Structures are given as C-alpha cells and as structure tokens.
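If you number the sequence shown the way our numbering does, the last residue is 260 and the count never jumps.
Beta carbons are placed, not taken as given, at the ideal position from N, Cα and C, and that holds for glycine.
Quantities reported herein were computed from a predicted structural model and do not represent experimental measurements.
Below is one structure; the comments refer to it alone.
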Amino acid sequence: MFVQPWDPALDDAERRAWIADGHDFGQLCVNGLPGRPPAVVPTHFTTDGDRLLIHLARPHPVWQAIEHDANVTFTVSGDYAFIPGPWRAKPGTPPTDGVPTSYYAAVRFTCRAAIVDGPEAKAELLRRRVARFPPGGDHAPVAVGRPPYGRMLSGIRGLEPTVFEVPAEFEYDDHKPVAQRTDVAGRLTSRGQALDVPTARGQLRRLDRVGPWQP
C-alpha cells in the first residue's frame, strides 16, 4: 500500500471508526504453498482488540496454505468513486486540464494467524462474531452440542489473526484547497451513483482537520 503524505488516517480512531461503520467485509490474503500463487478469500470479519475474528468452512483449501505460513494480510476497501478530470482542474485553468482520479478508503491489516479448532473455542468465536452483526439476539444460542450450531461446529475452523501493523489510506484529495474539495463533494452528492454519497461524506469528514497539505 502506497500512502501519500496527505492520505493516511488522521489517527487510529478514524481508522477504527471507519471499520466500525459497516466496513466488515474484506479480502483474506495468504501466501501460497511452494510453487503456487497467493490465495485471496473474500469474507466477513470482526475486530476484537488487536485481533480479527474469521471463520471458514473446514474443506476450504486455504487452510493448508495458512498452516504452511501463518503470515497473512487482510484488506478492506470502500467509499470509492471515480472523479472526472474537470472536477479537479486548478482554479483559473481550463476544465480539460484536470486529471481524473479515484477516491477511496482502504485499510490493510498485517497479521500472524492462529487457527482455532477446539469446539468450545470455535463456539466462543462465533458468539463474539454474531454479537457484532445486527439485529442482535435473533438467533439460537451458539453452544457445543446444542442445535442448530452445535452440529455445525465440526464443519468450520476459526481464524484469529493477531494484527501488528494497520496502515490506512483515505484518498480524498486532501492536498487540494478546502473550497475545491467541498465542490467535489457536492458534485459527488448530486451525481449520486453507486458509492458517491458515502465517498462525499468521507471527504467532508476530513475537511477541517486536514486542510491543504504543505510539503
């Protein structure tokens, strides 16, 4: 992940708040076995302090790669939108001189994974996971030996990657003047396609705390 000086998270709280705001689906990336390419697994996840909580089906081929090398990366991205060149043109220059770009937010967790195989340990992992997803309390207890989850525990394995590095990138043109960024956020909101509106919110969130970047 290449992060420009004006693009990192303002602080750890910004990154955590963004993840907590519904950004709970990402890509688990593991090193491949010798002679094999890396594997990428799309999945939901839950944060738990300095760990992530994940579970996958026991037959999943990714387990062999994790057992071979427990170093994994988990990436999350969102709030992305294409920004046309004219929106980014410098004041006083022709609109066609503007260069298009993409806005987005991204977080990368660099981790050392631990596999969870004990029945009670897996049940506890699932209890913590389902408690984070609304609406809470609308499911049977997750308990060993009790339906419906008890008989399904043998079919999954848990994964608890311990996080030791979390770079985050919020690419919203924070090096440009506040007035120009405000204008772009308004254009995104008016266009209203796909993730335009949450992208505009992300840009506006950082306006008064970042300001034009000075080298």
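Cα-Cα separation between residue i and residue j, rounded to whole angstroms
{"i": "A159", "j": "F215", "result": "29 Å"}
{"i": "G123", "j": "D142", "result": "28 Å"}
{"i": "R61", "j": "V189", "result": "32 Å"}
{"i": "Q49", "j": "Y194", "result": "46 Å"}
{"i": "G82", "j": "D93", "result": "In the sequence under discussion, the amino acid at residue 82 is Pro, which differs from the Gly named in the question. Approximately 30 Å, taken between the alpha carbons."}
{"i": "Y148", "j": "D218", "result": "8 Å"}
{"i": "A84", "j": "E210", "result": "20 Å"}
{"i": "H89", "j": "L73", "result": "9 Å"}
{"i": "R232", "j": "Q248", "result": "12 Å"}
{"i": "A110", "j": "W63", "result": "30 Å"}
{"i": "R196", "j": "M46", "result": "41 Å"}
{"i": "L55", "j": "T138", "result": "31 Å"}
{"i": "T155", "j": "T91", "result": "15 Å"}
N-terminal and C-terminal residue of the alpha helix (DSSP H) that residue i is part of
{"i": "Q72", "result": "Counting along the chain, Q72 falls outside any alpha helix (DSSP H), though it belongs to the beta strand (DSSP E) covering F70 to V75."}
{"i": "G130", "result": "G130 to R133"}
{"i": "L314", "result": "Because the chain spans 46 through 260 in this model, residue 314 falls outside it and cannot be assessed."}
{"i": "A58", "result": "D57 to A65"}
Three-way DSSP call (helix, strand, coil) for residue i in this model
{"i": "E112", "result": "helix"}
{"i": "L249", "result": "helix"}
{"i": "L97", "result": "strand"}
{"i": "G195", "result": "helix"}
{"i": "P50", "result": "coil"}
{"i": "A213", "result": "strand"}
Residues bridged to residue i [DSSP beta-bridge criterion]
{"i": "I160", "result": "L204"}
{"i": "R153", "result": "T120"}
{"i": "T146", "result": "I128"}
{"i": "A84", "result": "V75"}
{"i": "A102", "result": "I201"}
Endpoints, beta strand (DSSP E) assigned at residue i
{"i": "D93", "result": "T91 to D93"}
The region 99-110 in contact with the region 127-138 per 3-pair CB rule at 8 Å: With a cut-off of 8 Å, the region 127-138 and the region 99-110 do not count as touching, because too few Cβ pairs lie within range.
Three or more C-beta pairs below 8 Å linking the region 163-175 and the region 233-250: no
Any 3 or more C-beta pairs closer than 8 Å across the region 51-68 and the region 163-172: Contact between the region 51-68 and the region 163-172 is absent, because fewer than three Cβ pairs lie under 8 Å.
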